[in-house]
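Residue numbers (my numbering), protein chains in the order written: chain A, 10 to 488; chain B, -13 to 193.
Note that beta-carbon positions come from the ideal geometry of N, C-alpha and C, so glycine has one too.
Right, one structure below, let's go through it.
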Amino acid sequence: MARTLFSKIWDAHELATREGQSLLYIDRHITHEVTSPLAFESLRASGRRVRRPDLTFAVMDHNVPTGDRSLPVADVMSARQMETLDRNTREYGITCFGYASENQGISHVVAPEIGLTVPGATLVCGDSHTSTHGALGALALGIGTSEGEQVFATQSLWLRRPSEMLVTVDGEFERGVGPKDAILWMIRKMGTGGALGHAVQFGGVAVKNMTLEERMSVTNMAIEGGARTAIIEPDQKVHQYIKGTPYAPAGEDWEEAMPFWKTLYTDPGAHFDASRRFHVGALEPQVSWGTNPAMTVGISETTPILSDCAPAERSGVERALKYMGLVEGQRMTSIMVDRVFIGSCTNARLSDLVQAARVLKGRRAASGVRAMVVPGSQRVKRLAEASGLDAIFRNAGFEWRNSGCSLCIGMNEDKLGEGERCASTSNRNFENRQGPGGRTHLMSPMTAAATAIEGRLADVREMEILAVDELGLRGGRSD
Amino acid sequence: MTERVLVITGRVAPLDADDVDTDQIIPAQYLKVTEKKGLSRYLFYRWRYDDNGELTSRFVLDRPEFSGSAILAAGRNFGIGSSRENAVWALLDAGVKCVLATSFGDIFYSNASRNGLLCVRLDQAVLSEVRSSASGGRLHATVSLADLTLSCNGVIHRFQLEPHIRERLMSGADDISLTLSNYEGEILGYEAKMQPYLKPRTQRPLS
């Protein structure tokens, strides 16, 4: 019978079924300092062990400071959570990429780049953006703390099999427009609950043409459209990305993996419970105006006009405009910003920084705008520094920081102040997300760079965009 | 073991908002608190406290006519966003035992079932009716897991619940014990045939 990619992986890991649920074996469990402490505590209280410490990895990301790493962690509560993760992972024999590790970074950036995420595997992490890993053809699920404890103890998880949705993205992006614009636009069209209960497979020409890092921006944000997870058929680009990385299979194992990886596609005629089709050909850069990612418009548009909104939507729109300090019908390009944040598990990989640099090189952030780059991992930071990419940002007046979740979630010192407005390459513009009273506009790295220069939300298509080889980077990596 | 949930009876508080994300239910800064007890203080923090950290009475659960409500009648897409289980713990700590909505965020829904918080999906029409009758503050309701009914104002509404969620709530059984006592063989079976390429390459730890 014709099966989807998602079903193939699910079936291969299904140990049992009961009461409409499946018990899935989990090949990889990634944990971090914020959602794990109570899972470890409960495990200890019940006298249980971590069944497979060799399949479990910990990364400190959510509340690590991004400033000078030689200084102690100033926030007492953050320091305690980081120490607790360190202690727990030592006690249970789990590899932990801590504050000082060269592998530290945002879990969803680190795991793919060091080969912990592999096609065909099941992977869970106590973080909703775990769907990111689906771009490598893994079945990746964000889970809660109780579920994390179950995985610690049993290396398996009881799950209800989600419905499946195929989202086909056709067309070619115009200059200055890319995957982040596409996913924001698709969420805008589908709504925050559009894919609830579904595992979404992304396909189509536009997705095929994306680099793996670009695909990760798409699967990352599928959760913002309600998806339980997202997945993309893995191809040569995935194999190249993980080959030779520290934890990916090597030698004979690599040779054996290849025939298996070639089976990881959706059979022609396989059934999906729902399907959507998008064409990105005429798409313009997208920017969020409101307080959830579906509240997004094109850069040439305006905030909504209340009388045009469906009656059921009106109070939500009104509330969001008020929170954002905007009025109805306001041109997006009239909105001035105080801060620019290039970072997060959505858009802080090397290629994201390259995209921003194509706009920023030789230019400066507008006066009064505080702009920062928080690389997705310490490895991304080192690669950027080795190629000279960091100098482009520094010369443009950006702070060049260490890695972490940072201003995407505001759990460390990187926060917005009350009423501050930020152009952000992150994934959530919820009220207070980036700091109490902070206002977030989601956008692509290129649009964020253009916005930094202008000091207001800007249309990058009206600016010069350098080719990658005009950046003068050493080493020439350009994807 | 979590506490068994069989019948929930209590006051209904209407929460007139759609797309309530878990960042609103409990802001990220309070995820550093590593105790479940006492989390109700941070529940809907930004909606309840003023800039000086003083509790206002603008949030529904803080208004006298809704205090002690066990049932929260919300809107569409309740609990979307972050996977933080603290959102469920904070609601339970505040005495909320059941949330009514037309739809829920998937991770929130699963987290709730593992902690004894019942999430009930209702049709928009039924939910609107419940919310509007609750708005005066005198509405009591009873939710029965045995019958899968919500009773209020003398009207009985039926709802559906996945069998495994119903069983998990009614038995209070924990998945770990169930798995370890009944499925060890299946787990070992998978591990015995797990392909080397699905395992992290064994090597010197990098740091």
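Under three-state DSSP, which class holds residue i?
i, result
"Asp34 (chain A)", "Per the sequence shown, the amino acid found at residue 34 (chain A) is Tyr instead of Asp. Three-state DSSP puts Tyr34 (chain A) in a strand."
"Gln164 (chain A)", "coil"
"Phe402 (chain A)", "helix"
"Glu153 (chain B)", "helix"
"Gln339 (chain A)", "coil"
"Arg27 (chain A)", "strand"
"Gln295 (chain A)", "strand"
"Arg57 (chain A)", "coil"
"Glu42 (chain A)", "coil"
"Arg470 (chain A)", "helix"
"Ile(-6) (chain B)", "strand"
"Gly143 (chain A)", "helix"
"Leu475 (chain A)", "coil"
"His22 (chain A)", "helix"
"Arg89 (chain A)", "helix"
"Ala(-1) (chain B)", "strand"
"Arg465 (chain A)", "strand"
"Arg448 (chain A)", "strand"
"Val19 (chain B)", "coil"
"Asp7 (chain B)", "strand"
"Ala432 (chain A)", "strand"
"Arg124 (chain B)", "coil"
"Thr98 (chain A)", "helix"
"Ser386 (chain A)", "strand"
"Phe439 (chain A)", "coil"
Roughly how many angstroms lie between the CA atoms of residue i and residue j, to the nearest whole one?
i, j, result
"Arg493 (chain A)", "Ile173 (chain B)", "Any answer about residue 493 (chain A) is impossible in this case: the structure gives chain A only from 10 up to 488."
"Lys179 (chain B)", "Ala14 (chain B)", "41 Å"
"Lys189 (chain A)", "Gly419 (chain A)", "21 Å"
"Phe49 (chain A)", "Gly114 (chain A)", "22 Å"
"Asp161 (chain B)", "Ala59 (chain B)", "28 Å"
"Ser89 (chain B)", "Ala109 (chain A)", "42 Å"
"Arg285 (chain A)", "Asn97 (chain A)", "44 Å"
"Ala405 (chain A)", "Gln295 (chain A)", "23 Å"
"Leu221 (chain A)", "Ala329 (chain A)", "34 Å"
"Asp36 (chain A)", "Ala3 (chain B)", "39 Å"
"Glu156 (chain A)", "Ala21 (chain A)", "20 Å"
"Ala236 (chain A)", "Leu392 (chain A)", "33 Å"
"Lys185 (chain B)", "Ala266 (chain A)", "11 Å"
"Ala11 (chain A)", "Leu125 (chain A)", "29 Å"
"Arg190 (chain B)", "Cys105 (chain A)", "Reliability of the predicted coordinates at Arg190 (chain B) is poor, the pLDDT of 43 falling under 50, and no value is obtained from them."
"Trp194 (chain A)", "Gly290 (chain A)", "12 Å"
"Leu145 (chain A)", "Thr254 (chain A)", "14 Å"
"Leu192 (chain B)", "Asp70 (chain A)", "Summary for Leu192 (chain B): the model assigns pLDDT 44, below 50, so the residue's position carries little reliability, and this model does not support an answer."
"Pro320 (chain A)", "Ile314 (chain A)", "12 Å"
"Ser226 (chain A)", "Ile192 (chain A)", "8 Å"
"Thr44 (chain A)", "Gly140 (chain B)", "42 Å"
"Arg152 (chain B)", "Thr8 (chain B)", "23 Å"
"Arg430 (chain A)", "Asp37 (chain B)", "18 Å"
"Val160 (chain A)", "Gln249 (chain A)", "30 Å"
"Ala56 (chain B)", "Ser412 (chain A)", "42 Å"
"Asn441 (chain A)", "Leu1 (chain B)", "19 Å"
"Ala162 (chain A)", "Gly171 (chain B)", "15 Å"
Can you tell me the Cβ-Cβ gap for residue i and residue j, rounded? I've got them flagged as a contact below 8 Å.
i, j, result
"Leu131 (chain B)", "Leu155 (chain B)", "6 Å"
"Leu451 (chain A)", "Pro302 (chain A)", "6 Å"
"Pro149 (chain B)", "Gly29 (chain A)", "5 Å"
"Thr305 (chain A)", "Arg197 (chain A)", "4 Å"
"Asn356 (chain A)", "Thr434 (chain A)", "4 Å"
"Thr201 (chain A)", "Ser140 (chain A)", "Not a contact, Cβ separation roughly 14 Å."
"Trp167 (chain A)", "Leu32 (chain A)", "6 Å"
"Leu113 (chain B)", "Ile11 (chain B)", "No, Leu113 (chain B) and Ile11 (chain B) are not in contact; Cβ-Cβ is about 18 Å, not under 8 Å."
"Ile18 (chain A)", "Leu148 (chain A)", "4 Å"
"Asp136 (chain A)", "Tyr183 (chain B)", "Not quite, the Cβ-Cβ distance comes to about 25 Å (not below 8 Å), so this is no contact."
"Leu273 (chain A)", "Gly352 (chain A)", "In fact, because the Cβ distance is near 31 Å, the residues do not count as touching under 8 Å."
"Arg(-10) (chain B)", "Ser157 (chain B)", "6 Å"
At 4 residues or longer, and completely inside the stretch 34 to 115 of chain B: list those alpha helix (DSSP H) runs for me, N to C.
72 to 79 and 92 to 99
Evaluate contact between the stretch 387 to 398 of chain A and the stretch 53 to 61 of chain A, counting only Cβ atoms and requiring at least three cross-stretch pairs below 8 Å.
no
Any chance you could list the beta strand (DSSP E) runs of at least 3 consecutive residues sitting entirely within the stretch 147 to 221 of chain A, in chain order?
Given a length threshold of 3 residues, each whole run of the beta strand (DSSP E) inside the stretch 147 to 221 of chain A is given here in chain order: 148 to 151, 165 to 168, 172 to 179 and 207 to 212.
Ignoring anything shorter than 4 residues or poking outside the stretch 127 to 187 of chain B, list the alpha helix (DSSP H) runs there in chain order.
149 to 157, 161 to 168 and 170 to 179
Suppose only complete runs of 3+ residues qualify. What are the beta strand (DSSP E) ranges in the stretch 238 to 298 of chain A, listed by chain order?
If only complete runs of 3 or more residues are kept, the stretch 238 to 298 of chain A shows the beta strand (DSSP E) at 238 to 240, 283 to 288 and 295 to 297, in order along the chain.
The stretch 329 to 341 of chain A in contact with the stretch 360 to 372 of chain A per 3-pair CB rule at 8 Å
no
Would you say the stretch 174 to 189 of chain A touches the stretch 211 to 230 of chain A, given that touching needs at least three Cβ pairs under 8 Å?
yes
Spell out a yes or no on whether the stretch 69 to 76 of chain B and the stretch 92 to 110 of chain B are touching, meaning 3 or more CB-CB pairs, one atom from each, closer than 8 Å.
yes
Contact between the stretch 468 to 476 of chain A and the stretch 367 to 385 of chain A (3+ Cβ pairs under 8 Å):
yes
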